[in-house]
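Enquirer: For the sequence shown, the numbering used here begins at 2 and goes up steadily by one.
We treat Cβ as the ideally placed atom computed from N, Cα and C, and that holds for glycine.
Sharing a structure, written as structure tokens. Questions coming.
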Amino acid sequence: MKNGLEDVIAAETQLSDVDGEAGRLIIRGVSLDRLVADGTYEGVAALLLDGLMERSFDQAELRGWLAKARTKIFVHTEAADATLLALPPVDAMRALIARLPDGEDFDTALGLLAAPAVFLPAVLRLQRGQKPIAPDAALSQAADILRMLTGKLPSKEQVAALDTYLVTISDHGLNASTFASRVIASTQAGLTSSVLAALGALKGPLHGGAPGPVLDMLDAVGTAENAGRWLGEALDRGERLMGFGHRIYRVRDPRADALKGALKPLIASGQVDSARGALAEAVEAAALAILKARKPDRPLDVNVEFYTALLLEALGFPRQAFTGVFAIGRTVGWLAHAREQALNGRLIRPRSVYIGPLPAAA
Numbered sequence: 002m003k004n005g006l007e008d009v010i011a012a013e014t015q016l017s018d019v020d021g022e023a024g025r026l027i028i029r030g031v032s033l034d035r036l037v038a039d040g041t042y043e044g045v046a047a048l049l050l051d052g053l054m055e056r057s058f059d060q061a062e063l064r065g066w067l068a069k070a071r072t073k074i075f076v077h078t079e080a081a082d083a084t085l086l087a088l089p090p091v092d093a094m095r096a097l098i099a100r101l102p103d104g105e106d107f108d109t110a111l112g113l114l115a116a117p118a119v120f121l122p123a124v125l126r127l128q129r130g131q132k133p134i135a136p137d138a139a140l141s142q143a144a145d146i147l148r149m150l151t152g153k154l155p156s157k158e159q160v161a162a163l164d165t166y167l168v169t170i171s172d173h174g175l176n177a178s179t180f181a182s183r184v185i186a187s188t189q190a191g192l193t194s195s196v197l198a199a200l201g202a203l204k205g206p207l208h209g210g211a212p213g214p215v216l217d218m219l220d221a222v223g224t225a226e227n228a229g230r231w232l233g234e235a236l237d238r239g240e241r242l243m244g245f246g247h248r249i250y251r252v253r254d255p256r257a258d259a260l261k262g263a264l265k266p267l268i269a270s271g272q273v274d275s276a277r278g279a280l281a282e283a284v285e286a287a288a289l290a291i292l293k294a295r296k297p298d299r300p301l302d303v304n305v306e307f308y309t310a311l312l313l314e315a316l317g318f319p320r321q322a323f324t325g326v327f328a329i330g331r332t333v334g335w336l337a338h339a340r341e342q343a344l345n346g347r348l349i350r351p352r353s354v355y356i357g358p359l360p361a362a363a
């Protein structure tokens, strides 16, 4: 028995491979650095879902179908009443997704790919007292998300940055939320049930709920000159440095570099405060030096959360919505794993070891 199922092989997959020792992520035979070079959300979605649905399609076809699905899904935002809007954004988004039919077919999958992209911007606007903005079927998924959030057409640099983020976090091995998706799929419950289960796992702070606190840390540090002192005092108090260390990676998380690279065009074009970027780099350098000195036997490097926080902040998402944006990108991975499990797997039913009291002898 291994607590937390550490190193236990629970599935065979053709979808992604996480090499923690080499710091490498492969998605369907393509390395992450190649995927983000000129990749789009629609491109990685077509790659992940290829061969797993009842029909074949290419990236261009998926873009058109997905745009129509966003328009169809928008009607459900009318169900966002005061009770729902009092919830955190990710919980409100989950409640709206629960309204969708629980099928196994391609139309169900399309609706689930579109749903978080439509529901999260709508919820955020409604919580600010603004009207939701209907989708524009002429735009890509990334461009439409930003337009529905802000009411303005995004710049090409903003669209490219969000596409990079969505591609980067589309799939990542058998993480907690993906495993939850596969468990539900193994019962033949339906794709919507799989996505809802995965979303429930994602919102936990030990999984997808952590990027926001990275910004809290940067705010507390304040200036580049203060980074070393503040981080050292935080470690003295026994606090964790947010955005550093990973359960799998023993070297630098390759997704961190992809997202750091996506920020550069935004900074160079003046669309992001350069001082914020400089502060982040100073905190990164100081944290790595302190962690290496204080914990030389533990491989603690930058993880995906650190530059996720900077990127999503730069694109206008409030920090309480970061987990919801994560879900927009990861839903395609959940769906691909759910279909792979349904097509090739069995009912997932591990055993437990009973360590409780035994009944008294007669």
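#1: Here's the rule I'm using: 16 or more other beta-carbon atoms within 10 Å means buried, otherwise exposed. How should residue 145 be labelled?
#2: Would you identify the three-state DSSP class for residue 292, choosing helix, strand or coil?
#3: Assign residue 340 to buried or exposed, taking buried as 16 or more other Cβ atoms, counted over all protein chains shown, within 10 Å of its Cβ.
#4: What residue does the beta strand (DSSP E) around residue 18 start on, and which one ends it?
#5: Look up residue 71 in the DSSP assignment and say whether it is helix, strand or coil.
#6: Using a 10 Å radius around the Cβ and a threshold of 16 neighbouring Cβ atoms, would you call residue 270 buried or exposed?
#7: Nearest to residue 167 by alpha carbon, out of 48, 115 and 331?
#8: Which residue's Cα is closest to the Cα of residue 326: 295, 165 and 234?
#9: Exposed or buried, which one is residue 355 when buried takes at least 16 other CB atoms within 10 Å?
#10: Using the beta-carbon count (16 or more within 10 Å), is residue 161 buried or exposed?
#11: Based on the DSSP output, what are the partners of residue 273 in its beta bridges?
#12: With a threshold of 16 other CB atoms inside 10 Å of the CB of residue 181, please say whether the residue is buried or exposed.
#13: What residues are listed by DSSP as bridge partners for residue 32?
#14: According to DSSP, is residue 120 part of a helix, a strand, or is it coil?
#15: Between the Cα of residue 428 and those of 142, 351, 177 and 358, spot the shortest distance and give me the residue it belongs to.
#16: To the nearest angstrom, how far is it from the Cα of residue 27 to the Cα of residue 60?
#17: Whose CA, out of 252, 57 and 170, lies closest to the CA of residue 309?
#18: Short of 7 Å in beta carbon distance, which residues of its chain neighbour residue 348, apart from the five on each side in sequence? Order them along the chain.
#19: Entirely within the stretch 161-188 and at least 4 residues each: give me those alpha helix (DSSP H) ranges in chain order.
#20: For the stretch 217-265, list the alpha helix (DSSP H) runs that are entirely contained and at least 4 residues long, ordered along the chain.
#21: Answer yes or no: do residue 54 and residue 107 have a C-beta to C-beta separation smaller than 8 Å?
#22: For the alpha helix (DSSP H) that contains residue 4, what are its first and last residues?
#23: Could you check whether the stretch 64-83 touches the stretch 279-287, counting it as contact only if at least three pairs of C-beta atoms, one from each stretch, sit closer than 8 Å?
#24: For residue 184, which residues from the same chain have a beta carbon less than 6 Å from its beta carbon, with the 5 sequence-adjacent residues on both sides left out?
#25: What distance in whole Å lies between the Cβ atoms of residue 117 and residue 291, which are believed to be in contact at a cut-off of 8 Å?
#26: Leaving out the 5 sequence neighbours to the left and right, which residues in its chain are closer than 7 Å to residue 214 when beta-carbon positions are compared?
#27: Assuming residue 321 contacts residue 89 (C-beta within less than 8 Å), just tell me the rounded distance between them.
#28: How is residue 37 classed by DSSP in three states: helix, strand or coil?
#29: Quick check on the burial criterion: 16 or more other C-beta atoms within 10 angstroms. Buried or exposed for residue 122?
#30: Considering just the uninterrupted stretch of the alpha helix (DSSP H) at residue 148, what are its terminal residues?
#31: Let me know if residue 158 comes out buried or exposed under the rule of 16 or more other beta-carbons within 10 Å of its beta-carbon.
#32: Residue 191 to residue 253, Cα distance in whole Å?
#33: So for residue 91, helix, strand or coil by DSSP?
#34: Just to confirm before moving on: does the CB-CB distance between residue 41 and residue 141 stay below 8 Å?
#35: Just grab the DSSP bridge partners of residue 333 for me.
#36: In angstroms, rounded to a whole number, what distance separates the CA positions of residue 293 and residue 262?
Expert: Looking at the atomic coordinates:
#1: buried
#2: helix
#3: buried
#4: 17-20
#5: helix
#6: exposed
#7: 331
#8: 165
#9: exposed
#10: buried
#11: Bridge partners of residue 273: none, in fact.
#12: buried
#13: 27
#14: helix
#15: Since the first residue shown for the chain is 2 and the last is 363, residue 428 is missing from the structure and cannot be characterised.
#16: 19 Å
#17: 170
#18: 187 and 188
#19: 177-187
#20: 228-237
#21: yes
#22: Careful: residue 4 lies outside any alpha helix (DSSP H) and carries neither H nor E.
#23: no
#24: 349
#25: The Cβ separation is near 37 Å, so there is no contact.
#26: 243
#27: 6 Å
#28: helix
#29: buried
#30: 142-151
#31: buried
#32: 36 Å
#33: helix
#34: yes
#35: Beta-bridge pairing links residue 333 to no other residue.
#36: 24 Å
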